[in-house]
Amino acid sequence: MTNSFSELTFNTRAFRNPDIVTSLVKQINQLADGVAESLGRPVQIMEVCGGHTHAIFHSGIDQLLNENIEFIHGPGCPVCVLPAQAIDKATWVAQQADTILATFGDVLRVPGAKGSLQQIQAQGADIRILYSPLDVTQLAFDNPTKKIVFFAIGFDTTMPSIALTIQSAKQQHIQNLKFLCYHIRLMPTLTTLLDTGEAELDGFIGPGHVSIVLGSECYQPIAAKYHKPLVIAGFEPIDVLQALHMLLLQLSQQRCEIENAYSRVVSKQGNVLVQQTMNEVFKNSELNWRGLGNVANSVGSLQPEYAQFDGSLVAPQSSPCECDDSKYCADVLIGKRKPNQCPLFGRSCTPESPLGALMVSSEGACAAYYKYKQIPFNESQPEYSEDA
Amino acid sequence: MRDNEVITLAHGAGGRASAQLIDNIFVEAFGAQDEAALQDSAVLDLPTLTAFGNRLAFTTDSFVVSPLIFPGGDIGKLAVCGTVNDLAVSGAVPMYLSAGFILEEGLPISVLRTAVQTMAKTAREAQVRIITGDTKVVAKGQVDQLFINTSGVGVIPAQININSTLADGGDVVLVNGFIGDHGAAVMLARQELGLEASMASDCAPLNGLIADLLQHCPDIRVMRDATRGGVGTVLHEIAHASNVTISLDEKSLPIRPQTQAICDLLGMDPLFFANEGLAVFLVPKSQADKALAVLRDNQYGRHACQIGQVVKTEQSLLYINTNFNSKRMIELPYGIQLPRIC
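In order, the protein sequences belong to chains A and B. Okay, so the first sequence: first residue is 1 according to this note's numbering, each after it adds one. Okay, so the second sequence: first residue is 389 according to this note's numbering, each after it adds one.
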């Protein structure tokens, strides 16, 4: 299947319009001043999703907002919360004879106890990067003498396409394909985070892509039980600013609701069909995640009906706590510490030699800080006039 | 030698098959050379060289692009343009190239012939001569179809002094066309992403354009060919080498909507997409208008524009002024952007 750009035309310019950005920023700053005054401190907003962290820094929105708004970066980066054992297991699988490990590109550089998948690949392991999970069925067809293992990770966003791939593999009677699943679901992640109560939060910018699957209604407990407002946002600068504006309006009016600023793709109920598919394929259990600890309704294995594709038992079980994850990574993941408040940040931990996944992943908060926030621009005034 | 034949190990063994391959493919395409060309070395006449300048520029590059043919070019065109452009941005007049071919057993002769013919055609356009070469054949699977290496010799005129260390405060940053076209075209040509868009590589020999520019604006001190690492990498290197701060203007960047869309989809930055017919020029501000006019007068510079400026000295930094008046650091990417792009 091919998609032509003419069919997919989306007017990104409208969502990057400088005049609208300026106007929204002005309103947001005014609202933030009021809310901060009543709180007696800056407003603390958590953007759950790593994609939002990068969107905020990429457009420089954080530089336009005043000091009364602080972003706390959330755990919504699937690679970052992966426990080291998951990488070690994938590494073990990739090193077996006649085996191809397929996975997403983001996982490749994440350090495990015995190195990263990229290092194993350089030593001869057959590791393939896929853009679409469905490509793995073709890989299995093309390599009938090999065992193909798909290392499947991600939040509710990627789970549907993986569930559909597993169903498709079953329909096609593919024999040489297994799935090593490490899925974490967003809602249990948020409730786990709120239950620990480590981060001081006034509200959430809700994830965009996850919400396409789950719908906006699923977040109601965040408002009802935990009394935090949440506004779902898209990823263009104006999407993020609109959500922030709605969130601050709620706080200034002392409302606490779930609102949707990404209604062009997020519905109330989400994609009910794929929610059913996920329930048919994945088996829920409690798994241990980096920073978060045990999170309910995680997925490490498949329902009995799909047992033939379950890769969870192909690798030896490792004891859950032999990993030496940095405590600082955990703190950053739950919003207790900012990346640049970690003593290792930019010193022993850099994108070239990362000590944790937060520094590797394209959605990792530390990678975002390293990429965008190394230089304080206010200390670097131009000496020559810019005439562009 | 018929086009439905394939390369065998015999073609690389130095015997009759090798001789046939050289005669039928290489000599036919690159034209009748003097007898010296088929000896162990090509022999260059020094007075011919010194007539053009007082220093030699010498460079080499290997080409492993996949697929071999893509919209806007093929591995042969790339192999000539890559080396010609490396010489040209050093301020040299490109003169002679060598060409080394590593062929995979089983490669259709027609594929090799096409690549060699485009090399010859591009060399004629760039007014360089391919005067020496080599062919090796390796067993199936030891290379992917066809790899080419070219080295090139050029002569630098006495008054020209181009060096990445010579950027200065106030210099403006110019490019001669759209950013990232080659990377986007090759990525789409691989059809791994299931995307379609009308997109051609910018692959082109730039020595004519650069000669025009140097003739009219002889004070240009910094020129770089923005190939594999893209405009971003080249500007990083210039900022570092000259210890200057370069600011780019986001709204001035010439990026095609297709390229931007691919980058948005894959989380990549067009500034780090490969180009094969795009150079970055740092020009004293007083000569910026003249330089732009000269560039736009050339077929490979129609879309030339200013994208930034050196705003500070004594601090190595590269950033972009966004459309919202915020600033964003431009850091070199880690890991692979796109393998086998050139």
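Think of the CB as a built atom: it goes at the ideal place given N, C-alpha and C, for glycine as much as any other residue. These numbers come from a predicted model, not from an experiment.
Beta-carbon gap between residue i and residue j smaller than 8 Å
i, j, result
"Val81 (chain A)", "Ile184 (chain A)", "yes"
"Leu623 (chain B)", "Ile608 (chain B)", "no"
"Cys218 (chain A)", "Ser301 (chain A)", "no"
"Ser589 (chain B)", "Asp569 (chain B)", "yes"
"Gly105 (chain A)", "Ile129 (chain A)", "yes"
"Val472 (chain B)", "Ala527 (chain B)", "no"
"Leu500 (chain B)", "Ile410 (chain B)", "no"
"Val560 (chain B)", "Lys465 (chain B)", "no"
"Ala662 (chain B)", "Gly596 (chain B)", "no"
"Glu493 (chain B)", "Leu432 (chain B)", "no"
"Lys147 (chain A)", "Ser216 (chain A)", "no"
"Leu247 (chain A)", "Ile45 (chain A)", "yes"
"Leu214 (chain A)", "Phe151 (chain A)", "no"
"Phe414 (chain A)", "Leu230 (chain A)", "The structure shown does not extend to residue 414 (chain A), since chain A is modelled only from 1 to 388, so the question has no answer here."
"Ala223 (chain A)", "Glu200 (chain A)", "no"
"Cys730 (chain B)", "Gln675 (chain B)", "no"
"Thr448 (chain B)", "Asn537 (chain B)", "yes"
From the options, residue whose alpha carbon lies closest to that of residue i
i, options, result
"Ile69 (chain A)", "A:Leu39, A:Val79, A:Ala97", "A:Leu39"
"Phe535 (chain B)", "B:Ser450, B:Ala476, B:Thr701, B:Arg690", "B:Ser450"
"Asp33 (chain A)", "A:Cys342, A:Leu190, A:Gln172, A:Leu65", "A:Leu65"
"Glu719 (chain B)", "A:His58, A:Ala233, A:Asp19", "A:His58"
"Ala315 (chain A)", "A:Arg16, A:Pro42, A:Ala86", "A:Ala86"
"Pro188 (chain A)", "A:His227, A:Gln269, A:His52, A:Asp156", "A:Asp156"
"Pro459 (chain B)", "B:Thr502, B:Ser586, B:Leu601", "B:Ser586"
"Glu363 (chain A)", "A:Glu47, A:Lys26, A:Val35, A:Ser23", "A:Glu47"
"Leu641 (chain B)", "B:Tyr688, B:Asn392, B:Asn631, B:Gly696", "B:Gly696"
"Ala503 (chain B)", "B:His604, B:Ile567, B:Phe418, B:Gly403", "B:Phe418"
"Asn297 (chain A)", "A:Val266, A:Ser263, A:Thr191", "A:Thr191"
"Pro144 (chain A)", "A:Trp289, A:Thr99, A:Thr91", "A:Thr99"
"Gln303 (chain A)", "A:Cys342, A:Val265, A:Ala163, A:Cys329", "A:Ala163"
C-alpha distance - residue i paired with residue j, whole-angstrom precision
i, j, result
"Leu292 (chain A)", "Ile334 (chain A)", "7 Å"
"Leu576 (chain B)", "Cys591 (chain B)", "15 Å"
"Pro435 (chain B)", "Ile497 (chain B)", "39 Å"
"Gly281 (chain A)", "Phe235 (chain A)", "Rather than Gly, the amino acid found at residue 281 (chain A) in this sequence is Val. Spanning the two alpha carbons is a distance of roughly 30 Å."
"Gln96 (chain A)", "Val149 (chain A)", "11 Å"
"Val237 (chain A)", "Gly540 (chain B)", "Val is not the amino acid found at residue 237 (chain A); the sequence shown has Pro there. When rounded, the distance between both Cα atoms is 47 Å."
"Gly400 (chain B)", "Leu653 (chain B)", "44 Å"
"Leu636 (chain B)", "His628 (chain B)", "16 Å"
"Ala692 (chain B)", "Pro18 (chain A)", "25 Å"
"Gln220 (chain A)", "Ile28 (chain A)", "24 Å"
"Ser4 (chain A)", "Leu583 (chain B)", "Interpretation of Ser4 (chain A) is limited by its pLDDT of 49, a score under 50 that renders its predicted location unreliable; the figure taken from the coordinates is listed afterwards. The alpha-carbon atoms of Ser4 (chain A) and Leu583 (chain B) are separated by roughly 6 Å."
"Tyr484 (chain B)", "Gln121 (chain A)", "40 Å"
"Ala405 (chain B)", "Ile519 (chain B)", "21 Å"
"Gly311 (chain A)", "Pro78 (chain A)", "19 Å"
"Asp195 (chain A)", "Thr647 (chain B)", "44 Å"
"Asn711 (chain B)", "Lys639 (chain B)", "6 Å"
"Gly124 (chain A)", "Glu580 (chain B)", "23 Å"
"Asn11 (chain A)", "Cys651 (chain B)", "15 Å"
"Ala113 (chain A)", "Ala84 (chain A)", "7 Å"
The beta strand (DSSP E) enclosing residue i, as first and last residue numbers
i, result
"Asn711 (chain B)", "Segment: none, Asn711 (chain B) is in no beta strand (DSSP E) and carries neither H nor E."
"Asn537 (chain B)", "534–544"
"Ser298 (chain A)", "293–302"
"Thr447 (chain B)", "443–451"
"Lys673 (chain B)", "Looking at the DSSP string, Lys673 (chain B) is not in any beta strand (DSSP E), and its letter there is neither H nor E."
"His691 (chain B)", "Per DSSP, His691 (chain B) belongs to no beta strand (DSSP E) and is neither H nor E."
Cut-off 7 Å between Cβ atoms - residues of its own chain near residue i, not counting five sequence neighbours on either side
i, result
"Phe440 (chain B)", "Val481, Val543, Pro545"
"Ile548 (chain B)", "Gly479, Leu602"
Cut-off 8 Å between Cβ atoms - residues of its own chain near residue i, not counting five sequence neighbours on either side
i, result
"Tyr370 (chain A)", "Pro339, Phe345, Gly346, Thr350, Pro351, Met359"
"Ser168 (chain A)", "Leu134, Thr137"
Limits of the unbroken alpha helix (DSSP H) element including residue i
i, result
"Arg684 (chain B)", "676–684"
"Lys524 (chain B)", "It is not in any alpha helix (DSSP H) - Lys524 (chain B) instead sits in the beta strand (DSSP E) that spans 517–526."
"Met278 (chain A)", "272–281"
"Met159 (chain A)", "159–171"
"Gln30 (chain A)", "18–39"
"Lys509 (chain B)", "497–514"
"Arg404 (chain B)", "404–409"
Beta-carbon contacts of residue i that lie in its chain and below 6 Å, excluding the five residues immediately before and after
i, result
"Leu659 (chain B)", "Gly618, Val619, Gly620"
"Glu322 (chain A)", "Note that Glu322 (chain A) scores a pLDDT of 45, beneath 50, so its modelled location is shaky and nothing firm can be said."
"Gly689 (chain B)", "Asn564, Leu597, Leu683"
"Glu259 (chain A)", "Val231, Met246"
Residue-chain proximity (residue i, chain C), Cβ-Cβ < 8 Å
i, result
"Phe712 (chain B)", "Absent from the structure is chain C; the protein chains it does hold are A and B."
Distance cut-off 7 Å: residue i Cβ against heavy atoms of the ligand MN
i, result
"Cys80 (chain A)", "This structure does not include the ligand MN; it has no bound ligands of any sort."
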